[in-house]
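Read the structure below first, then the notes.
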Amino acid sequence: MSTSKKPPTTEQLDAQLAYLKLLFIREHYASLAKEAAEAHWGYVEFLARLIAGEALLRQERSVQRRIRQARFPVIKTLEQFQWSWPRKINRLQVQELFRLKFIADKANVIFLAGVGLGKTHLATALG
-16 MSTSKKPPTT EQLDAQLAYL KLLFIREHYA SLAKEAAEAH WGYVEFLARL
34 IAGEALLRQE RSVQRRIRQA RFPVIKTLEQ FQWSWPRKIN RLQVQELFRL
84 KFIADKANVI FLAGVGLGKT HLATALG
């Protein structure tokens, strides 16, 4: 940490934030500082909002990285699933799977059905 009393320049701050890989903070600290000044936020609230944004960005990037590593052929969601076909699917049972209780129970999930009935869609959405 610097012992000089002179405040860092924006160039120095940008360089330090880039070095620390704090990308959200680097991109948003100036606009958020202006908003904080106008709304009379305290230092802790300003810092908390910057850190919350950084954490959210990292979480989103982590999810995107995991999806890429899973190599799903296409991204599917439960909301996209056509519940009208097949007609005999147990919707409540499938929706219960998406609560992910089977992970805590260390259980497996197996989808059994004929061709074209949505097994891959549900498995990808669950993944």
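In this text, residue positions in the sequence shown follow the numbering used here: the first is -16, and each later residue adds one. Positions of the beta carbon are idealized from the N, C-alpha and C atoms, including for glycine.
- Taken in chain order, the whole beta strand (DSSP E) runs of length 3 or more contained in the region 46 to 96 number zero.
- Burial is judged here by how many other beta carbons sit within 10 angstroms of a residue's own beta carbon; A108 has at least 16 and is buried.
- Selection I34, A106, N91 and H23 evaluated against Y12 yields I34 as nearest (Cα-Cα).
- For T103, the enclosing alpha helix (DSSP H) starts and ends at K102 to L109.
- Close CB contacts of A53 within its chain, under the 8 Å cut and outside five residues either way in sequence, are with G110 (chain order).
- One thing to note: R74 has its Cβ no nearer than 8 Å to the Cβ of W68.
- Under the three-state reduction of DSSP output, H11 falls in the helix class.
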